[in-house]
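Peer 1: There's a structure below that I have some questions on.
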Amino acid sequence: MSTYKNKPVFWLFVAPCLFAFVMVMIIPFILGVYYSFTDWNAVSMNINWVGISNYREVFSNPRFLHSFYITTMYALLNIVAVNVVAFALALLVTGKLKGANFYRSGFFIPNLIGGLVLGFLWQFILNTVLPSTGSVMGIEWLRNLMPLAKPNQALGSIVVVSTWQYAGYIMMIYIAGIQNVSDSLLEAAQIDGATYFQRLRHILFPMIAPAFTIASFLTLVNSFKQFDVNVSLTNGGPPKTFMDMTVNSTDLLALNIYKEAFTYNRLYSAQARSVIFFIVLTGVSLIQVYFNKKREVEL
Amino acid sequence: MKLIKILALALACVLSAGIMFGCVSDDGAEGGSAASDVTEITIYNNKVEIDEALKAFAATYEAETGVRVNVRTAGGDVSYSVSLKADMQGGTEPEIFVLEGPSGFADYNDRLTDLSDQPWVEDTTLEYIHEGKVMGFPVSIEGYGLAYNMAVLEQAEIDPATLVNYAAVEAAFAKIDSMKDELGLDAVISFPASGGMTWVTGLHNWNTYLTNGLAYDDYSVADLMMNGEVDEDRLAAYARYVNMLFKYSDQRVLLAGTYDDQINAFVQQKTAFIHQGNWAEPNLYGAGMDFDVAFAPHPYLDEDTDGIFVAAPSWYVVNNLAPNADAAKDFLAYLASNPNGHDYMVNQAGMVPAFDSVELLPSGQLSQSMLEWVAAGKIYNWQQYRMPDGFGMDTLGPIFTQLANGDIDEAEFCARIAAEVATLKQ
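Each protein sequence line maps, in turn, to chains A and B. Using this note's numbering, you'd call the opening residue of the first sequence number 292 and step up by one each time. Using this note's numbering, you'd call the opening residue of the second sequence number 68 and step up by one each time.
And the structure:
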């Protein structure tokens, strides 16, 4: 950039993007941080400065702490599930499979369906289709299955649905990575007598480390920001007991913030939560990228 | 090379200019419509089901008075308040919008218009009074209780008129439960306590704790609650009743049911009772209900409490920050007094108006049953909207769900409700 002489042209090109970015990202962000220090409710004309009391309230709120805890659990489960499934699918469709291209698009398609729709679809499957299949086929446990009414199973259901939705997308990243690995490396190893898993472990994994960095970053951020499937599949429920209180077992952070803002009408406290959410998410993803980058190899 | 640079520069100019003009031309369009002579008002409607009827009525109104009425509809109570706020944040102020109780009236205090001098105020008892002034126009009246299938109760030889105290309703439920096979039922009542249905438990059912057996303007239990306290004996009796309803409820509807599941269980005559109000009529008849129904009370106390729960749940308010607030007042007056307005409310929108001058009768049996209770003067108020937003559905609701799925018992249910109510003390 410093070597670039024609500054006016540079700024003219940047201006449209910069304008949009400032209007829809920077200004709302600064406003949001400001509102988190006030008693703003989006309606009243009186906005009073309240200092850090919103933040203090948030950190002593068991529901928010639970939400943080459950989101972390969900993120861990989801990162593992999505990446394992996506990598397995990628290996499958880059292998000597007939109709590999057909499968590739097949696995990718769920990603094109909106999360809200998917959530309602799977809610119907889990609440209605599975039990009626059970009663038709006379399978008692399937008939009595109510995964969305049990706390742990409900969280698991979100993992399953979001994996089903997102694995196809991450698979594409892995495919691109795998296709970039030159066959000669793998063949040489094979001639030297390396087994399939040795080739996987010592050649493929290090070679596609950049793909791992990207894929785990995307799944990490995506898992923490999970909202649409959460809303339509469970809407936070079913409840469970946490610190002697009734809390919603699948109340992930984004949903928690949304509800704080729009059903409890406490936008000030929701803003404080969003700021905390932003700081944590930025921190976690920077750490993750830093450590993954260290594993990448250059040829 | 130079040519390319010039070309690039030109393109960049076009892009930047596009953004600028994009904004400007937008403003221009708005200015254009405001400049025309037609007075326009916007009504922000929260009921998806009456959207078409309201638009048709708006057209009639425009034909008669020349005032254009724009109908904006945003469904469900959550997305309604979200989109209303978003519009107001964006600088669009609708003339008329809907509020549902004290917290809403407090939030929108800056926008409320005094309607005390309006002609319809004399014609109703359910106007909303905020800070001593009439601020809200009752949209309709709604009522709920234990809705029952008349034929089933007759067959089980239960007189619904006797269901006025806990002993009687408990005995009736036990009797129907023991006769399930002959009556062809799966369960006694269709009553969901699942995640998406906490408006039934946390709002409507909880309101029976607040008002059952009290005079219509008696706010003592609700005031106690807003002061962070519960009436322990009353709460215990209430918990006993809720637990009994859960016990005799269809378990799949109870734990994983949606609104449709609840309606269908009742319409297919798999349950004798349903915990819903007259607003469910379009869904009930839509699902093919062809048997006689009526309301019974929610009698959870040992002494007799003979009445159902009827009130105006929402009010139209006039926004004084909107350009044509006076035209909006005229629109509401027309709605309350003109035969066209009555026809729209009763026949087209299927609502029960809160105005004495309306002589049209609703067609649904639940609405008719509700009006019988109203005529007999046996009604209790709705006071659940005195709670802060979200408290009923999202704070209390999950506690009901836990009682329903057996995570907690009655005593723990009371303790957790008391603990949450304690947080309401300011």
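The C-beta atom is built at its ideal place from N, Cα and C for all residues, glycine as well. Nothing here was measured: the structure is a model prediction, and the numbers come from that model.
Give a yes or no on whether the minimum CB-CB distance between glutamate 97 (chain B) and chain A is below 8 angstroms.
Peer 2: Residue confidence for glutamate 97 (chain B) is low, a pLDDT of 39 falling below 50, so the modelled location carries little weight and cannot support an answer.
Peer 1: Measuring alpha carbon to alpha carbon, tell me which of A:Lys387, A:Gly410, A:Leu383, A:Val408 ends up nearest glycine 397 (chain A).
Peer 2: The candidate whose alpha carbon is nearest that of glycine 397 (chain A) is A:Leu383.
Peer 1: Along the segment 553-565 of chain A, where does the CB come closer than 8 angstroms to a CB of chain B? Name the residues.
Peer 2: Per Cβ criterion, the list reads Phe553, Thr554, Tyr555, Asn556.
Peer 1: Just curious, the alpha helix (DSSP H) that glutamate 249 (chain B) is in, first and last residue?
Peer 2: Per DSSP, glutamate 249 (chain B) belongs to the alpha helix (DSSP H) from 247-250.
Peer 1: Less than 8 angstroms separating the beta-carbons of glutamine 415 (chain B) and phenylalanine 204 (chain B)?
Peer 2: The answer is no: Cβ separation not under 8 angstroms.
Peer 1: Are tyrosine 283 (chain B) and asparagine 448 (chain B) closer than 8 angstroms when you measure CB to CB?
Peer 2: Contact: yes.
Peer 1: For the segment 326-358 of chain A, which residues have a CB atom closer than 7 angstroms to at least one CB atom of chain B, in sequence order?
Peer 2: The segment 326-358 of chain A vs chain B, Cβ under 7 angstroms: Asn332, Ala333, Val334, Ser335, Met336.
Peer 1: So, helix, strand or coil for alanine 125 (chain B), using DSSP?
Peer 2: Residue state, collapsed to three classes: helix.
Peer 1: Here's the rule I'm using: 16 or more other beta-carbon atoms within 10 Å means buried, otherwise exposed. How should phenylalanine 467 (chain B) be labelled?
Peer 2: Under this definition phenylalanine 467 (chain B) is a buried residue.
Peer 1: Nearest to methionine 463 (chain A) by alpha carbon, out of A:Gly429, A:Leu356, A:Pro442, A:Val373?
Peer 2: It is A:Val373 whose Cα lies nearest to the Cα of methionine 463 (chain A).
Peer 1: Applying the criterion that 16 or more other CB atoms from any shown protein chain within 10 Å of the CB defines a buried residue, is valine 413 (chain B) buried or exposed?
Peer 2: That one is buried.
Peer 1: Does DSSP put cysteine 90 (chain B) in a helix, in a strand, or in coil?
Peer 2: Its pLDDT being 42, under 50, cysteine 90 (chain B) is placed unreliably by the model, and the measurement read from it follows with that caveat. In this structure, cysteine 90 (chain B) counts as helix in the three-state DSSP scheme.
Peer 1: Taking DSSP as the reference, what is the three-state secondary structure of serine 257 (chain B)?
Peer 2: Note: serine 257 (chain B) maps to strand in three-state DSSP.
Peer 1: Within 8 angstroms of any Cβ in chain B, is that where the Cβ of lysine 232 (chain A) sits?
Peer 2: Chain A is shown only over 292 to 590; residue 232 (chain A) falls outside these bounds and no answer can be derived.
Peer 1: Here's the rule I'm using: 16 or more other beta-carbon atoms within 10 Å means buried, otherwise exposed. How should isoleucine 196 (chain B) be labelled?
Peer 2: Its Cβ having fewer than 16 others within 10 Å, isoleucine 196 (chain B) is exposed.
Peer 1: Am I right that tyrosine 276 (chain B) and arginine 301 (chain B) are in contact with their C-beta atoms under 8 angstroms? What's the rounded C-beta distance?
Peer 2: Right, their Cβ atoms sit about 7 angstroms apart.
Peer 1: Looking only at its chain, what residues have a beta carbon closer than 6 angstroms to the beta carbon of glycine 410 (chain A), apart from the 5 residues adjacent to it on each side?
Peer 2: Only Val520, Ser523, Leu524 meet the Cβ criterion.
Peer 1: Which residues in chain B sit within 9 angstroms of asparagine 539 (chain A), going by Cβ to Cβ distance?
Peer 2: What asparagine 539 (chain A) touches in chain B: Gly262, Asp461, Pro465.
Peer 1: Could you tell me if glycine 417 (chain B) is buried or exposed, where buried requires 16 or more neighbouring beta carbons within 10 angstroms of its beta carbon?
Peer 2: Answer is buried; the Cβ neighbour count reaches 16.
Peer 1: For the putative contact between asparagine 112 (chain B) and arginine 139 (chain B), defined by C-beta atoms under 8 angstroms, what is the C-beta separation to the nearest angstrom?
Peer 2: About 7 angstroms separates the two Cβ atoms, so the contact holds.
Peer 1: Does any C-beta atom of chain A lie closer than 8 angstroms to the C-beta of serine 424 (chain B)?
Peer 2: With 8 angstroms as the cut-off, serine 424 (chain B) does not count as an interface residue toward chain A.
Peer 1: Quick one: give me the first and last residue of the beta strand (DSSP E) that isoleucine 375 (chain B) is part of.
Peer 2: From DSSP, the beta strand (DSSP E) with isoleucine 375 (chain B) extends over 375-378.
Peer 1: What does threonine 532 (chain A) touch in chain B if you count any residue whose Cβ is under 8 angstroms from its own?
Peer 2: Ordered by position in chain B, the residues that pass the 8 angstroms Cβ test against threonine 532 (chain A) are Gln469, Asp474, Ile475.
Peer 1: I'd like the list of long-range same chain contacts for valine 334 (chain B), defined as Cβ closer than 8 angstroms, with 5 residues on each side in sequence excluded.
Peer 2: Closer than 8 angstroms at Cβ, skipping near neighbours: Leu351, Ala354, Gly355, Met356.
Peer 1: Would DSSP call serine 316 (chain B) helix, strand or coil?
Peer 2: Three-state result, serine 316 (chain B): strand.
Peer 1: Here's a check: name, in chain order, each residue in its chain whose Cβ is nearer than 8 angstroms to the Cβ of asparagine 471 (chain A), leaving out the five neighbours to either side.
Peer 2: For asparagine 471 (chain A), where only same-chain residues beyond five positions count, the Cβ hits under 8 angstroms are Met498, Ile499.
Peer 1: Chain D beta carbons: is any one of them nearer than 8 angstroms to that of alanine 480 (chain A)?
Peer 2: The structure shown contains no chain D; its protein chains are A and B.
Peer 1: Indicate the three-state DSSP secondary structure (helix, strand or coil) for asparagine 337 (chain A) in the structure shown.
Peer 2: Coil.
Peer 1: Can you list, in chain order, the residues of its chain with a C-beta nearer than 7 angstroms to that of phenylalanine 355 (chain A)? Leave out the 5 residues immediately preceding and following it.
Peer 2: Within the same chain, phenylalanine 355 (chain A) has close Cβ partners Val349, Asn547, Arg564.
Peer 1: Quick one: using the 10 Å Cβ neighbour count with 16 as the cut-off for buried, is asparagine 418 (chain A) buried or exposed?
Peer 2: That one is buried.
Peer 1: Kindly indicate which three-state DSSP category lysine 114 (chain B) falls into: helix, strand or coil?
Peer 2: In this structure, lysine 114 (chain B) counts as coil in the three-state DSSP scheme.
Peer 1: Restricting to runs no shorter than 4 residues, where is the alpha helix (DSSP H) found entirely within the segment 324-388 of chain A?
Peer 2: Whole alpha helix (DSSP H) segments, 4+ residues: 344-350, 353-385.
Peer 1: Residues in the segment 431-450 of chain A with C-beta within 7 angstroms of chain B's C-beta atoms, listed in sequence order?
Peer 2: Residues passing the 7 angstroms Cβ filter: Met437, Leu439, Ala440.
Peer 1: Would valine 334 (chain A) pass as a contact of tyrosine 175 (chain B) if the rule is Cβ separation under 8 angstroms?
Peer 2: Yes, they are a contact pair.
Peer 1: Are the segment 324-344 of chain B and the segment 259-277 of chain B touching by the rule of at least three beta carbon pairs closer than 8 angstroms?
Peer 2: Contact holds: three or more Cβ-Cβ distances are below 8 angstroms.
Peer 1: In angstroms with no decimal places, state the Cα-to-Cα distance between serine 434 (chain B) and glutamate 189 (chain B).
Peer 2: Distance between the alpha carbons of serine 434 (chain B) and glutamate 189 (chain B): 23 angstroms.
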